[in-house]
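Data block below; observations after.
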Amino acid sequence: MDVMGDKATLFETGRFVQPSGRDGAGEAPDDAAEEVRQRLAAEAGDVEAMSVLGALLLRRGDLDGAEPHLRAATAAGDRAAANNLGVLLHQRGYADDAAGWWRIAAVAGSAAAAHALGRHHRERGDEPAAEYWLRQSAEQGHALGAYALADLLEHRGDVGAEQWMRTAAERGHREAAYRLARALDRRLGPEGDVGDDQGAGADAEQWYRQAAARGHRRAALHLGAILERRGALKEAGRWYLTSAKDGEARAACALGFLLRDAGDTESAAVWWLRAAQDGDGNAANALGALHAERGEPQTAERWYRAAMDAGDDNGAYNLGLLCAEQGRTAQAEQWYRRAAYAGHREAANALAILLLQGGDTAGAEPWFSKAAEAGSVDAAFNLGILFAGRGEEAVALRWYERAAAAGHTEAALQVGIALLRDGDEAGAERHLRCAAGGGSAEAAYRLATVLDARRPPVPAHTLGEPVDEKSECEEWYERAASQGHRRAQVRVGMLAAARGDVVEAARWYREAAEAGSRNGAFNLGLLLAREGSEPEAAVWWTRAADAGHGRAALRLALVYARRGELAEGQRWADRAVALGPAEVSERAARLRDALREELSA
């Protein structure tokens with residue numbers, strides 16, 4: 153007959169009973185001296201000794217030796233012996249005869265026999281009789297009877313199942329404790345998010361803990377997961393280790409990830425290997441990624457294939473990534489397709505990108521759509537780019553908004569830009585704040601410009617005056633500037649100069665200029681010229697003018713004119729005329745004409 157739980161013995165089925173005035177399974181002395189003592193007492197006609205001796209021999213597997221003693225004790229009215237005689241006959245294959253003796257013991261008040269009889273009827277499909285006897289057993293306090301009754305009721309969808317499962321768990325039945333915890337867990341949100349029902353989460357954890365403490369490896373796995381989510385990593389690791397040592401592959405895999413995150417990659421690989429060899433696809437994927445990071449693509453591919461063979465679609469997706477990195481585009485497409493057809497949303501997105509890069513826009517769009525509808529935020533953003541490229545701005549905005557709502561930084565930036573273009577400054581600010589908070593330098597810069605436009609006029613400062621407190625817009629400019637945004641760097645320099653902070657202004661102008669900003673180079677030149685460093689200023693103006701900055705070219709023309717280098721001055725004046733803007737071109741033209749007259753005089 154079937155048993156439930158991770159490990160089960162004859163005693164745990166509840167069908168083997170030690171006759172000592174109790175119906176539950178107990179520990180029986182098994183040493184030779186005790187057996188001799190019980191045998192002598194049985195030969196002297198002691199009924200209880202006959203029952204005990206029969207139980208000892210049955211436990212040892214000596215069915216021929218046990219049967220006469222159990223029959224004799226049963227004939228004398230010992231209900232434990234009648235129950236164990238049923239066990240013996242069941243082991244011999246005489247299930248109906250066994251049921252007859254269990255009925256006799258159950259009618260006499262044996263909870264263990266009632267449980268065995270109930271199981272017998274259930275296996276034969278007679279659920280009403282099964283429920284009757286299992287209820288008799290459960291109501292007498294038999295833990296296994298309560299569990300079997302709960303299992304029967306749960307199978308029928310009866311609301312009373314949980315009550316009996318809890319009863320069995322409270323009486324120490326570890327499988328009942330585990331299943332009760334799972335039932336409570338299913339009521340919670342994803343990843344154990346209990347919302348307002350904090351009690352349900354604590355209750356589930358309590359029962360997982362009780363089952364795990366009794367050696368239930370799956371309970372230990374779930375308990376470890378709860379503790380890991382809570383951040384109690386050391387305790388989580390201990391339960392994962394307990395479960396993994398008992399053969400739970402998922403626990404071995406989870407333990408590997410904990411060890412990897414702690415920096416112990418070698419130990420992680422040991423547990424991943426153990427889990428992967430037991431058929432865990434996630435562990436095989438982890439091993440593949442580990443070997444890929446080590447520059448061992450062939451070994452990585454072997455493990456990705458093992459993950460795929462284990463039914464993990466990530467294996468095909470990772471094979472696609474590996475092939476794409478190696479330039480094996482056709483093979484990458486093949487693996488992406490396999491994972492995408494199996495419902496892997498990131499594979500569908502990757503396939504669409506691959507097709508788009510190959511110029512197959514029509515083929516890419518449905519895969520982007522499939523991935524986006526399955527919840528891929530990147531795919532939703534990519535659809536926005538796709539439609540924006542076609543000029544379908546309204547459709548693009550809808551996809552950007554969808555991605556932005558899911559936390560996509562660049563999508564939030566695009567929504568912010570679109571709303572600014574439409575004049576919705578409040579909505580734009582909201583999205584720009586989200587994008588800037590997510591690390592987008594461009595969003596931080598654009599948010600700063602929005603806030604900057606609202607600022608009241610700031611009184612002029614003299615260079616060297618004490619620095620005032622920075623405004624919010626300057627803080628956003630600085631955030632963008634610190635991320636390398638050149639226009640933000642120039643603007644931070646301008647604001648610092650306006651506050652009179654020459655050193656700070658020069659630092660930001662120089663940083664922007666060295667990154668290639670012509671405005672940064674021009675402004676740095678102005679700052680240096682004011683400080684009396686005109687030769688160094690000319691160096692930066694030259695860099696700005698060479699990059700197309702008209703005002704820098706005009707400044708250079710004036711510098712060379714003052715030095716008396718008229719031909720060089722005329723050359724830069726010509727350059728300023730060409731570069732503009734209009735007011736610069738006009739001034740540069742007058743200067744050029746004057747220099748030409750001077751040269752021809």
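If you want the working numbering, it's the 1-based position in the sequence shown plus 152.
Heads up, the beta-carbon is just placed ideally off N, CA and C, and yes, glycines get one too.
It should be emphasised that the depicted structure is a prediction, and the values quoted were computed from it without experimental measurement.
key: Runs of beta strand (DSSP E) lying entirely within the segment 194–232, each at least 3 residues, in chain order   = none
Alpha-carbon to alpha-carbon, residue 316 and residue 456 = Translated into positions along the sequence shown, residue 456 becomes position 304. Translated into positions along the sequence shown, residue 316 becomes position 164. Each residue's Cα considered, the two are about 45 Å apart.
task = In the DSSP assignment, find the alpha helix (DSSP H) that holds residue 488 and state where it starts and stops.
result = Within the sequence shown, numbered from 1, the residue matching residue 488 stands at position 336. 481–493 is the span of the alpha helix (DSSP H), which, as asked, contains residue 488.
ask   = When DSSP labels each residue in this structure, what does residue 699 get in the three-state scheme?
value = By one-based count along the sequence shown, residue 699 stands at place 547. Note: residue 699 maps to coil in three-state DSSP.
query = Should residue 683 go down as buried or exposed, given a rule of 16 or more other Cβ atoms within 10 Å for buried?
reply = The count along the sequence shown starts at 1 and reaches residue 683 at position 531. By the neighbour-count rule (16 or more Cβ atoms within 10 Å), residue 683 is not buried but exposed.
request  = Could you say if the segment 467–475 and the segment 483–491 meet the contact criterion of at least three C-beta pairs nearer than 8 Å?
outcome  = Result yes; three or more Cβ-Cβ pairs closer than 8 Å.
Pair within 8 Å by beta-carbon distance, residue 563 and residue 533 = Taking the sequence shown and counting its residues from 1, the one referred to as residue 563 is at position 411. Taking the sequence shown and counting its residues from 1, the one referred to as residue 533 is at position 381. The answer is yes: Cβ separation under 8 Å.
inquiry  = Using C-beta distances below 6 Å, list every residue in its chain close to residue 501, excluding the 5 sequence neighbours before and after it, in chain order.
reply    = Here residue 501 is taken as the residue at index 349 of the sequence shown, counted from 1. The answer, listed in chain order, is 523, 528, 530, 531.
message = What does the Cβ neighbour count give for residue 311, buried or exposed, with the cut at 16 atoms within 10 Å?
response = Numbered from its first residue, the sequence shown carries residue 311 at position 159. Residue 311 comes out exposed.
query = Roughly how many angstroms separate the alpha carbons of residue 332 and residue 435, rounded to a whole number?
reply = Numbered from its first residue, the sequence shown carries residue 332 at position 180. Numbered from its first residue, the sequence shown carries residue 435 at position 283. Going by the C-alpha atoms only, they are around 28 Å apart.
ask   = What residue does the alpha helix (DSSP H) around residue 337 start on, and which one ends it?
value = Position 185 of the sequence shown, counting from 1, holds the residue named residue 337. 326–338 is the extent of the alpha helix (DSSP H) around residue 337.
ask   = Hey, would you say residue 290 sits closer than 8 Å to residue 298, going by beta carbons?
value = Mapped onto the sequence shown, residue 290 falls at position 138. Mapped onto the sequence shown, residue 298 falls at position 146. Yes, the Cβ-Cβ distance between residue 290 and residue 298 is below 8 Å.
message = If you follow the alpha helix (DSSP H) that residue 246 is in, where does it begin and where does it stop?
response = Position 94 of the sequence shown, counted from the first residue, corresponds to residue 246. It is not in any alpha helix (DSSP H) - residue 246 carries neither H nor E in the DSSP assignment.
ask   = Span of the alpha helix (DSSP H) holding residue 635?
value = The residue you call residue 635 lines up with position 483 of the sequence shown. Neither: residue 635 is in no alpha helix (DSSP H) and is coded neither H nor E.
inquiry  = Could you check whether the Cβ of residue 548 sits closer than 7 Å to any heavy atom belonging to the ligand GDP?
reply    = Absent from the structure shown: the ligand GDP. Ligands present: none.
ask   = Do you know offhand how far residue 645's Cα is from residue 659's?
value = The residue labelled residue 645 in the question sits at position 493 within the sequence shown. The residue labelled residue 659 in the question sits at position 507 within the sequence shown. Taking the straight line from one Cα to the other gives about 7 Å.
DSSP state of residue 293 mapped onto helix, strand, coil = For the purposes of this step, residue 293 is identified with residue 141 of the sequence shown, where counting begins at 1. Looking at residue 293 - three-state DSSP - the assignment turns out to be coil, as it is neither helix nor strand.
query = When burial is assigned at 16 or more other CB atoms within 10 Å of the CB, is residue 751 buried or exposed?
reply = Here residue 751 is taken as the residue at index 599 of the sequence shown, counted from 1. So residue 751 ends up on the exposed side.
key: Three-state secondary structure assigned by DSSP to residue 164   = In the sequence shown, counting from the first residue as 1, residue 164 sits at position 12. Note that residue 164 scores 39 on pLDDT, short of 50, meaning its location in the model is unreliable and no value can be drawn from it.
message = I'd like to know whether the C-beta atoms of residue 597 and residue 632 end up nearer to each other than 8 Å.
response = Counting from 1 along the sequence shown, the entry for residue 597 is found at position 445. Counting from 1 along the sequence shown, the entry for residue 632 is found at position 480. Yes; because the gap between Cβ atoms is below 8 Å, this pair is in contact.
ask   = For residue 260, which residues of its own chain have a beta-carbon under 6 Å away from its beta-carbon, when the five flanking residues on both sides are left out?
value = Taking the sequence shown and counting its residues from 1, one reaches residue 260 at position 108. Cβ neighbours of residue 260 beyond the five flanking positions: 231.
query = In terms of alpha-carbon separation, which member of 734, 478, 678 lies closest to residue 708?
reply = Residue numbering aside, residue 708 sits at position 556 when the sequence shown is read from its first letter. Closest option to residue 708, Cα to Cα, is 678.
key: Alpha-carbon spacing of residue 626 relative to residue 511, whole angstroms   = As a position in the sequence shown, residue 626 is number 474, starting the count at 1. As a position in the sequence shown, residue 511 is number 359, starting the count at 1. Going from the Cα of residue 626 to the Cα of residue 511 covers about 43 Å.
ask   = Roughly how many whole angstroms lie between the Cα atoms of residue 270 and residue 203?
value = One-based indexing of the sequence shown puts residue 270 at position 118. One-based indexing of the sequence shown puts residue 203 at position 51. So the two alpha carbons sit approximately 23 Å from each other.
ask   = In this structure, does DSSP put residue 315 in helix, strand or coil?
value = Along the sequence shown, read from residue 1 onward, the residue named residue 315 stands at position 163. Reduced to three states, the DSSP call for residue 315 is helix.
message = Please identify the residue among 622, 726, 725 whose C-alpha is closest to the C-alpha of residue 607.
response = Looking up residue 607 in the sequence shown gives position 455. Here the closest residue by C-alpha is 622.
message = Once DSSP output is grouped into helix, strand and coil, what is the label at residue 733?
response = Your numbering for residue 733 matches position 581 in the sequence shown. DSSP places residue 733 in coil when its eight states are reduced to three.
ask   = DSSP on residue 521, reduced to helix/strand/coil?
value = If you number the sequence shown from 1, residue 521 lands on position 369. Taken through DSSP and simplified to helix, strand or coil, residue 521 comes out as helix.
inquiry  = Buried or exposed, going by whether 16 or more other CB atoms sit within 10 Å of the CB of residue 205?
reply    = Numbered from 1 along the sequence shown, position 53 holds the residue referred to as residue 205. That one is buried.
task = Could you pull the start and end residues of the alpha helix (DSSP H) that residue 399 belongs to?
result = The residue labelled residue 399 in the question sits at position 247 within the sequence shown. Run containing residue 399: none; DSSP gives neither H nor E here.
ask   = How is residue 94 classed by DSSP in three states: helix, strand or coil?
value = The structure shown does not extend to residue 94, since the chain is modelled only from 153 through 753, so no value can be given for it.
ask   = Do you know offhand how far residue 549's Cα is from residue 703's?
value = The sequence position of residue 549 within the sequence shown is 397, counting from 1. The sequence position of residue 703 within the sequence shown is 551, counting from 1. Rounded to the nearest angstrom, the two C-alpha atoms are 39 Å apart.
request  = Counting only the same chain and skipping the five closest in sequence on each side, list residues whose C-beta sits under 6 Å from that of residue 720.
outcome  = Reading the sequence shown from its first residue, position 568 is the one you call residue 720. The residues are 712.
message = Give me, in chain order, the residues of the same chain whose beta-carbon lies closer than 6 Å to that of residue 279; leave out the 5 immediate sequence neighbours on both sides.
response = For the purposes of this step, residue 279 is identified with residue 127 of the sequence shown, where counting begins at 1. Once the five neighbours on either side are set aside, residue 279 has no close Cβ partner at all.
inquiry  = Judging by CA-CA distance, which residue of 253, 714, 421, 566 is the nearest neighbour of residue 747?
reply    = Here residue 747 refers to the residue found at position 595 when the sequence shown is read from its first residue. Of the listed residues, the one whose Cα sits closest to residue 747 is 714.
request  = Using beta-carbon positions only, say whether residue 472 and residue 458 come within less than 8 Å of one another.
outcome  = The residue labelled residue 472 in the question sits at position 320 within the sequence shown. The residue labelled residue 458 in the question sits at position 306 within the sequence shown. No, these two residues do not count as a Cβ contact at 8 Å.
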